[in-house]
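Visitor:
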Amino acid sequence: MNRPTRIAGAAGPLAALLAAVACATTPAGPPPFDPVGSYEYTAVVEGQPLSGTMTIEEVEEGYEGTILSAAFPPIPITSVTVEGQAGTIEAAGPGGPLIVEFTVADDVIQGMWSMGLEGGDFTATKTG
């Protein structure tokens, strides 16, 4: 006669282990956005579009780069932070700190820029 074998107390830990494995196997999202590259951007300034180029490069301390436009001298990018598909660009603007908060989809940055009390929409497309 075959009797079922029972392992006392094993169901609780086994259930917990299976639950942990199920939670750990959720699909991963896309890798974090890599900001390094060249961009063509448009910023809305006082209701008018302003276009230019931007470059971001990786350096030992993080990221730096330059924002260029015919309307103002080169603006040095002092830092870029990225969390997943969102981030912040900080630059030394002509009127104080220039901040661009953005999200990314298909190498297109979309967000808002601000400098002092001014700000507007910002869109940049990675070109290289």
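Just so you know, we're using my numbering here: the sequence shown kicks off at 45 and counts up by one.
The beta-carbon is built from N, C-alpha and C at its ideal position, and this holds for glycine as well.
#1: Quick one: residues in its chain with C-beta nearer than 6 Å to the C-beta of Lys170, no 5 flanking neighbours on either side, listed in chain order?
#2: So, are the CB atoms of Ala135 and Leu142 less than 7 Å apart?
#3: Assuming Gln35 is part of the beta strand (DSSP E), what are its boundary residues?
#4: At which residues does the beta strand (DSSP E) containing Pro93 begin and terminate?
#5: Do you know offhand how far Ser113's Cα is from Pro79's?
#6: Roughly how many whole angstroms lie between the Cα atoms of Thr167 and Glu104?
#7: Please state whether DSSP places Phe77 in a helix, a strand or coil.
#8: Beta carbon of Gly109, beta carbon of Ile100: below 7 Å?
#9: Output the boundary residues of the beta strand (DSSP E) element that contains Ala130.
#10: Taking the alpha carbon of Met156 as the reference point, which residue from Gly139, Thr132, Gly172 and Pro138 has its own alpha carbon closest?
#11: For a test of the three-state rule: what should DSSP assign to Thr171, helix, strand or coil?
#12: Apart from the five residues on each side of it in sequence, which residues of its chain come closer than 7 Å, Cβ to Cβ, to Gly163?
#13: If we ignore side chains and look at the alpha-carbon of each, how far apart do Gly160 and Pro75 end up?
Guide: If we stick to the structure as given:
#1: Counting from one through the sequence shown, the residue named residue 170 turns up at place 126. Gly81, Tyr83 and Asp151, listed in sequence order.
#2: For the purposes of this step, residue 135 is identified with residue 91 of the sequence shown, where counting begins at 1. For the purposes of this step, residue 142 is identified with residue 98 of the sequence shown, where counting begins at 1. Taking 7 Å as the Cβ cut-off, Ala135 and Leu142 qualify as a contacting pair.
#3: Shown here, the chain extends from 45 to 172; a query on residue 35 therefore has no answer.
#4: Translated into the one-based positions of the sequence shown, residue 93 becomes position 49. For Pro93, the enclosing beta strand (DSSP E) covers residues Gln92 to Val103.
#5: Here residue 113 corresponds to residue number 69 of the sequence shown, with the count starting at 1. Here residue 79 corresponds to residue number 35 of the sequence shown, with the count starting at 1. Between Ser113 and Pro79, the alpha-carbon positions lie close to 19 Å from each other.
#6: Here the question's residue 167 lines up with position 123 in the sequence shown. Here the question's residue 104 lines up with position 60 in the sequence shown. The alpha-carbon atoms of Thr167 and Glu104 are separated by roughly 27 Å.
#7: If you number the sequence shown from 1, residue 77 lands on position 33. Correct three-state label for Phe77: coil.
#8: In the sequence shown, residue 109 corresponds to position 65, counting from 1. In the sequence shown, residue 100 corresponds to position 56, counting from 1. For Gly109 and Ile100, yes; Cβs fall inside 7 Å.
#9: To locate residue 130, count along the sequence shown from 1; it is residue 86. Note, Ala130: beta strand (DSSP E), Ala130 to Gly137.
#10: Along the sequence shown, read from residue 1 onward, the residue named residue 156 stands at position 112. The shortest Cα separation from Met156 among Gly139, Thr132, Gly172 and Pro138 belongs to Thr132.
#11: Position 127 of the sequence shown holds residue 171. If DSSP states are grouped into helix, strand and coil, Thr171 belongs with coil.
#12: Numbered from 1 along the sequence shown, position 119 holds the residue referred to as residue 163. So the list reads Met156 and Trp157, once near-sequence residues are dropped.
#13: Here residue 160 corresponds to residue number 116 of the sequence shown, with the count starting at 1. Here residue 75 corresponds to residue number 31 of the sequence shown, with the count starting at 1. Near 33 Å, if we compare the C-alpha coordinates of Pro75 and Gly160.
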